[in-house]
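**Q** This is the structure, below, for whatever I ask next.
2 protein chains.
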Amino acid sequence: MQFFKITHKYKKARVGEIETKHGKFLTPVFMPVGTQATVKIMTPQDLKELGVPIILSNTYHLYLRPGIDIIEKAGGLHKFMSWDGPILTDSGGFQVFSMSKLRAITEKGINFKSHFDGSEHFFTPEKAIEIQNKLGSDIIMSLDECPAYSEDKKEIAKSLDITLKWAKRGREYHKSSDQFLFGIIQGGIFEDLREKSIKELIDLDFSGYSIGGVSIGEGKELIYKITKFCTERMPEEKPRYLMGVGTPEDIWETVEMGVDMFDCVFPTRIARNGTVYTKYGLLKIRNGDFKEDFKPIEDDCDCYACKNFTRAYIRHLFNVHEILGMRLTTLHNIHFMIRLMKKIRNAILNDSYEKEKQEFFKNYKIDI
Amino acid sequence: MQFFKITHKYKKARVGEIETKHGKFLTPVFMPVGTQATVKIMTPQDLKELGVPIILSNTYHLYLRPGIDIIEKAGGLHKFMSWDGPILTDSGGFQVFSMSKLRAITEKGINFKSHFDGSEHFFTPEKAIEIQNKLGSDIIMSLDECPAYSEDKKEIAKSLDITLKWAKRGREYHKSSDQFLFGIIQGGIFEDLREKSIKELIDLDFSGYSIGGVSIGEGKELIYKITKFCTERMPEEKPRYLMGVGTPEDIWETVEMGVDMFDCVFPTRIARNGTVYTKYGLLKIRNGDFKEDFKPIEDDCDCYACKNFTRAYIRHLFNVHEILGMRLTTLHNIHFMIRLMKKIRNAILNDSYEKEKQEFFKNYKIDI
Chain G
1 MQFFKITHKY KKARVGEIET KHGKFLTPVF MPVGTQATVK IMTPQDLKEL
51 GVPIILSNTY HLYLRPGIDI IEKAGGLHKF MSWDGPILTD SGGFQVFSMS
101 KLRAITEKGI NFKSHFDGSE HFFTPEKAIE IQNKLGSDII MSLDECPAYS
151 EDKKEIAKSL DITLKWAKRG REYHKSSDQF LFGIIQGGIF EDLREKSIKE
201 LIDLDFSGYS IGGVSIGEGK ELIYKITKFC TERMPEEKPR YLMGVGTPED
251 IWETVEMGVD MFDCVFPTRI ARNGTVYTKY GLLKIRNGDF KEDFKPIEDD
301 CDCYACKNFT RAYIRHLFNV HEILGMRLTT LHNIHFMIRL MKKIRNAILN
351 DSYEKEKQEF FKNYKIDI
Chain E
1 MQFFKITHKY KKARVGEIET KHGKFLTPVF MPVGTQATVK IMTPQDLKEL
51 GVPIILSNTY HLYLRPGIDI IEKAGGLHKF MSWDGPILTD SGGFQVFSMS
101 KLRAITEKGI NFKSHFDGSE HFFTPEKAIE IQNKLGSDII MSLDECPAYS
151 EDKKEIAKSL DITLKWAKRG REYHKSSDQF LFGIIQGGIF EDLREKSIKE
201 LIDLDFSGYS IGGVSIGEGK ELIYKITKFC TERMPEEKPR YLMGVGTPED
251 IWETVEMGVD MFDCVFPTRI ARNGTVYTKY GLLKIRNGDF KEDFKPIEDD
301 CDCYACKNFT RAYIRHLFNV HEILGMRLTT LHNIHFMIRL MKKIRNAILN
351 DSYEKEKQEF FKNYKIDI
């Protein structure tokens, strides 16, 4: 089983194939987020029917609730949530830093308090791997420190130092041949730190490499700049995963730089607020304009929501707080992302990326 | 097209067939409630797959939001909500009395204020029919006054008087041959008033007869007593609909008296609180006992929830407030009701009602 192979390249963009114990899928890929062992409101059957090839789940959340022991007893995360396709889990690091009450970070690990009940926990790079082993995810991440955006180079350098030591320990601890471990590139906005990060991680020979710490308020231009800097230095033959990024515009921009994998809560989160993707950009379905609009969300969309319901009906559902509204918009937005990735892969395969990208943005108005 | 025919009788219980423009179904039937043009969280496709033969929707809610004009412009309620099976709507009366701020009831009609926005509205028996005509429902109800439980006979007699006058006006106003109009029997706990109600409604020759005003706090024994009194006097050849009633025990009891149709929000409402039906009675899935229970909700249930998920997983979903939990329990409870009705029809068809009923309650513990 070859984990990753590139089947076609157009300039820096690549179409590839990733193979895991739970199935193969094509890259560039978008992974819907199933934080708490569920892609919100969707069943695994929905995801299958939508053509979702892989989902992401969050170690931090699962560790706290229901607890890793329960998932282990259930036979692993796949069985627990009844999803038999590939799963990628993060290391928990990002959420420890962004959600929990931090106690102390040392080289040894992270001491933190649960944001649910205040209970105390200790994460180490080894423990992050062990947890993900128990979950049985197909692609797993090494523990990293995720500092907030900062222009203090010293601080970021110190944090990177810890991340790299953790990467090494995680890499050494990881034994399972069924799970592919990625190293995470940190270094903030500092190119020399990013470069150092990449070099040291390459030496550790991970199955893939993630670009971390770019989705925390840097602004689009900076995200693209860092991503470009990284992709130019990342190994050609390993998958490249841009963590937490995934609006259509971000994906078009960074696939062009050679990114292969994306995850983002945005499509499913905005869906629950009644915002849907269309080829013309985002559309807020609660808007009074749609009160008597008996067209589907998107004319030429063949998702279940568009084939069966009107904007007027879905607006009504949101207006009277009916959950079916969120269910239909979630379904549509995931379908939109799956279709977008197909379009993007085809643009690479047809050696017509710039043309297709231009075509897409002729209609698509970026307004958020 | 014959609206209703009885195909088999066992003592007073009957199996029948109702035919409408939107399809046929067997009775006794349970109708899931789709108050706001959606059976909460379910798609029409889910309902089809569950074998739901007919749904109920609430005129009062639809009238206020999105408004009848919008549904009319959408091509009627079936098209609006994308459900092509039969729909029964109530007259709006019950909700006007139980939810809105009442202004005044006169023989002319009811003046009330919306519970959403305080806007003023006036319902007449003619208007109730007109609205349901516009909705395009298959089975419709005449406007009735629904007084709260009362031992004041004078008050109930006065109310019944208005209901009967409204029934007559509605019956005269109703023209559509595609829609079957039911008269509603009122009269509270007073047998002579119930009797009077039945006699006068029979003279008006409705397509079916509903037993109204029994689900408002009378207590089970009184509900059964009133229902028995009514069914013994209702015409044999017309369907009998016991409004708002529908726990398994109520259905077993009253089908035996000759009731054909039921609706109840209970199975879907308790599902959203994490309570599921099983052959042993109700089970609260949030309960800590199920933390590591890797069995399905019900062993021998073949619904999607039971075939794919464990109690431990569904408990986890409720525990972390994931909507998928409510979706799966709703699905299971509707499936349970559909299966129950099939079992009940078979018990009649096999002339073994008492035996099957006894068998059912050998396991099933009534605890709510």
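In order, the protein sequence lines correspond to chains G and E.
Residues in the first sequence are numbered from 1 upward in steps of one, following this note's numbering.
Residues in the second sequence are numbered from 1 upward in steps of one, following this note's numbering.
Don't be surprised by glycine CBs; every beta carbon is placed ideally from N, CA and C.
Is the CB-CB distance between residue 198 of chain G and residue 185 of chain G below 7 Å?
**A** Taking 7 Å as the Cβ cut-off, residue 198 of chain G and residue 185 of chain G qualify as a contacting pair.
**Q** What residue ranges within the region 174-246 of chain E form continuous beta strand (DSSP E) runs of no fewer than 3 residues, ordered along the chain?
**A** Fully enclosed beta strand (DSSP E) runs of 3 or longer: 180-185, 208-211 and 240-242.
**Q** Is residue 191 of chain E close to chain G? Criterion is C-beta to C-beta, closer than 7 Å.
**A** Output row for residue 191 of chain E: interface = no.
**Q** Should residue 417 of chain E be flagged as near chain G, meaning a C-beta pair shorter than 7 Å?
**A** With chain E covering only 1 through 368, there is no way to say anything about residue 417 of chain E.
**Q** Could you check which residue in E:237, E:41, E:91 and E:262 has the C-alpha nearest to that of residue 61 of chain E?
**A** Closest by alpha carbon: E:91.
**Q** Got a sec? Which residues, its chain only, sit under 6 Å from residue 163 of chain G by beta carbon, not counting five neighbours each side?
**A** Around residue 163 of chain G: 144, 145 and 186.
**Q** Got a sec: which bits of the region 70-104 of chain G sit with their beta carbon under 7 Å from any beta carbon on chain E, in order along the chain?
**A** Those would be 70, 73, 74, 80, 81 and 82, in chain order.
**Q** Let me know the secondary structure DSSP gives residue 141 of chain E once reduced to three states.
**A** In this structure, residue 141 of chain E counts as strand in the three-state DSSP scheme.
**Q** Kindly indicate if chain G contains any beta-carbon less than 7 Å away from that of residue 38 of chain E.
**A** At least one chain G Cβ lies under 7 Å of residue 38 of chain E.
**Q** Which residue marks the beginning of the alpha helix (DSSP H) containing residue 305 of chain E, and which one marks its end?
**A** Start and end: 304-308.
**Q** Under 8 Å Cβ-Cβ, which residues of chain G neighbour residue 174 of chain E?
**A** The contacting residues do not exist; residue 174 of chain E stays about 27 Å from chain G at best.
**Q** What did DSSP end up calling residue 25 of chain G once you bin it into helix, strand or coil?
**A** Reduced to three states, the DSSP call for residue 25 of chain G is strand.
**Q** Taking CB distances under 7 Å as the criterion, tell me whether residue 333 of chain G reaches chain E.
**A** No - not a single Cβ of chain E is within 7 Å of the one on residue 333 of chain G.
**Q** If we call anything under 7 Å between Cβ atoms a contact, is residue 274 of chain G one with residue 318 of chain G?
**A** Yes.
**Q** Where residue 222 of chain E and residue 213 of chain E are concerned, what is the direct C-alpha to C-alpha distance, given to the nearest angstrom?
**A** For residue 222 of chain E and residue 213 of chain E, the distance between alpha carbons rounds to 11 Å.
**Q** Identify, in the order they occur along the chain, each residue of the same chain with its Cβ nearer than 6 Å to the Cβ of residue 215 of chain E, setting aside the five sequence neighbours on each side.
**A** So the qualifying residues of the chain are 244 and 245.
**Q** For residue 252 of chain E, which residues from the same chain have a beta carbon less than 8 Å from its beta carbon, with the 5 sequence-adjacent residues on both sides left out?
**A** Closer than 8 Å at the Cβ level, and outside the excluded window around residue 252 of chain E, lie 344, 357, 360 and 361.
**Q** If you compare alpha carbons, which of E:191, E:255, E:259 and E:249 is closest to residue 210 of chain E?
**A** Nearest C-alpha to residue 210 of chain E: E:259.
**Q** Are the region 330-344 of chain G and the region 284-304 of chain G touching by the rule of at least three beta carbon pairs closer than 8 Å?
**A** Yes, they touch.
**Q** For residue 366 of chain G, which residues from the same chain have a beta carbon less than 6 Å from its beta carbon, with the 5 sequence-adjacent residues on both sides left out?
**A** Excluding residues within five positions, the ones whose Cβ falls inside 6 Å are 249.
**Q** Could you tell me the distance, in whole angstroms, from the CA atom of residue 17 of chain G to the CA atom of residue 10 of chain G?
**A** The alpha-carbon atoms of residue 17 of chain G and residue 10 of chain G are separated by roughly 15 Å.
**Q** Distance cutoff 7 Å, beta carbons only. Does residue 320 of chain G sit that close to anything in chain E?
**A** It does: the Cβ of residue 320 of chain G has a partner Cβ on chain E nearer than 7 Å.
**Q** Going by CA-CA distance only, name the one from E:277, E:316 and E:315 that's closest to residue 363 of chain E.
**A** Of the listed residues, the one whose Cα sits closest to residue 363 of chain E is E:277.
**Q** Whether or not the region 43-53 of chain E and the region 65-78 of chain E are in contact is what I'm after, with contact meaning three or more pairs of Cβ atoms, one per stretch, closer than 8 Å; do they touch?
**A** No: the two stretches stay apart, fewer than three of their Cβ pairs being nearer than 8 Å.
**Q** Counting contacts by CB-CB distance shorter than 7 Å, is residue 287 of chain E in contact with chain G?
**A** Chain G, which has no Cβ nearer than 7 Å to the Cβ of residue 287 of chain E, makes this no.
**Q** Quick one: give me the first and last residue of the alpha helix (DSSP H) that residue 151 of chain E is part of.
**A** Segment: none, residue 151 of chain E is in no alpha helix (DSSP H) and carries neither H nor E.
**Q** Measure the C-alpha to C-alpha separation of residue 100 of chain E and residue 87 of chain E and round it to an integer number of angstroms.
**A** Their backbone Cα atoms lie some 24 Å apart in a straight line.
**Q** If residue 113 of chain E and residue 119 of chain E are in contact, beta carbons under 8 Å, what's the gap, nearest whole angstrom?
**A** Their Cβ separation, rounded to whole angstroms, is 7 Å, which keeps residue 113 of chain E and residue 119 of chain E in contact under 8 Å.
**Q** Residue 130 of chain E lies in the beta strand (DSSP E); which residues open and close that run?
**A** Where residue 130 of chain E is concerned, there is no enclosing beta strand (DSSP E), although the alpha helix (DSSP H) it sits in stretches over 125-135.
**Q** Give me whichever residues DSSP pairs with residue 285 of chain G in a beta bridge.
**A** In DSSP, residue 285 of chain G forms no bridge with anything.
**Q** Give the secondary structure of residue 253 of chain G by DSSP, where H, G and I count as helix, E and B as strand, and everything else as coil.
**A** If DSSP states are grouped into helix, strand and coil, residue 253 of chain G belongs with the helices.
**Q** Locate the beta strand (DSSP E) running through residue 378 of chain G, then write down its first and last residues.
**A** What is shown of chain G runs 1 to 368, which leaves residue 378 of chain G out entirely.
**Q** Can you check whether the CB of residue 22 of chain G is closer than 7 Å to the CB of residue 205 of chain G?
**A** Cβ distance not < 7 Å, so residue 205 of chain G and residue 22 of chain G don't count as in contact.
**Q** For the region 340-355 of chain G, which residues have a CB atom closer than 8 Å to at least one CB atom of chain E, in sequence order?
**A** Correct list: empty, as no residue qualifies.
**Q** Going straight from the alpha carbon of residue 130 of chain E to that of residue 174 of chain E, what length do you get?
**A** For residue 130 of chain E and residue 174 of chain E, the distance between alpha carbons rounds to 8 Å.
**Q** Excluding the 5 residues flanking residue 328 of chain G on each side, which residues of the same chain have their C-beta closer than 7 Å to its C-beta?
**A** Excluding residues within five positions, the ones whose Cβ falls inside 7 Å are 305, 309 and 314.
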